[in-house]
Amino acid sequence: MKRITVAIQNRVGAIAGITETLAGADVNLVAINTERTGETGLVTLSTEEGDHDRALQCLVEAGYRAVTDEALLIRLKDEPGALAKVAARFRDAGINIQSLHILDRHEGYATVALDTEDREATAALLSPDEVV
313 MKRITVAIQN RVGAIAGITE TLAGADVNLV AINTERTGET GLVTLSTEEG
363 DHDRALQCLV EAGYRAVTDE ALLIRLKDEP GALAKVAARF RDAGINIQSL
413 HILDRHEGYA TVALDTEDRE ATAALLSPDE VV
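If you're matching positions, the sequence shown starts at 313 in our numbering and goes up one per residue.
Here's what the structure looks like:
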């Protein structure tokens with residue numbers, strides 16, 4: 313089952329906004345999980361198989377920062393050069409980064425979603441502390 317992760321501001325109505333957007337697109341949720349990190353949060357959700365692409369599309373069109381689980385979520389120190397060091401590891405291994413989104417920055421860390429040509433090889437280059 314594919315998952316979608318949405319980065320949100322931790323505020324009243326945030327979950328209502330996401331679920332109303334999905335309901336408006338006739339998307340049925342199978343599972344939803346939220347995790348708060350200060351002023352921001354991550355919402356991870358699963359839909360019925362046939363609803364996944366439509367759910368991702370409607371969330372993005374509504375202005376949400378949403379990625380599918382085909383993207384790898386990593387956690388890096390929020391400091392100059394942290395992303396450059398990780399990107400260099402992928403470059404040196406011959407792995408192309410196809411897309412990258414900084415989803416959240418809080419308490420000295422950044423949550424980054426990235427999609428590469430080879431998810432398994434990418435994950436193997438990361439430490440357990442870096443993988444969300």
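For every residue, glycine included, the Cβ atom is placed at its ideal position computed from N, Cα and C.
On a predicted model such as this, the values are computed, not experimentally measured, just so you know.
Residue i (DSSP reduced to helix, strand or coil)
| i | result |
| --- | --- |
| residue 432 | helix |
| residue 424 | strand |
| residue 383 | coil |
| residue 348 | strand |
| residue 437 | coil |
| residue 378 | strand |
| residue 407 | coil |
Buried or exposed (CB count within 10 angstroms, at least 16 for buried), residue i
| i | result |
| --- | --- |
| residue 362 | exposed |
| residue 353 | buried |
| residue 318 | buried |
| residue 378 | buried |
| residue 443 | exposed |
| residue 441 | exposed |
| residue 425 | buried |
| residue 324 | exposed |
Residue i at chain B interface by Cβ criterion, 8 Å
| i | result |
| --- | --- |
| residue 400 | Going by chain labels, chain B is absent from the structure shown, which holds only one protein chain. |
Within 8 Å, strictly: CB atoms of residue i and residue j
| i | j | result |
| --- | --- | --- |
| residue 380 | residue 368 | yes |
| residue 439 | residue 427 | no |
| residue 376 | residue 327 | no |
| residue 423 | residue 402 | no |
| residue 364 | residue 314 | yes |
| residue 333 | residue 374 | yes |
| residue 384 | residue 431 | yes |
| residue 337 | residue 366 | yes |
Cutoff 6 Å; reference residue i; Cβ partners in own chain excluding five residues on either side
| i | result |
| --- | --- |
| residue 343 | 358 |
Other residues of its chain near residue i: CB distance less than 7 Å, five sequence neighbours each side excluded
| i | result |
| --- | --- |
| residue 429 | 407, 408 and 410 |
| residue 321 | 351 and 352 |
| residue 420 | 389 and 390 |
| residue 394 | 388 |
8 Å Cβ shell around residue i - same chain, five flanking residues per side excluded
| i | result |
| --- | --- |
| residue 316 | 356, 357, 358, 359, 364, 367, 368, 371, 378, 379, 380 and 381 |
>> Does the contact criterion of 3 or more C-beta pairs under 8 Å hold for the segment 348-361 versus the segment 387-398?
In response: The segment 348-361 vs the segment 387-398: no contact.
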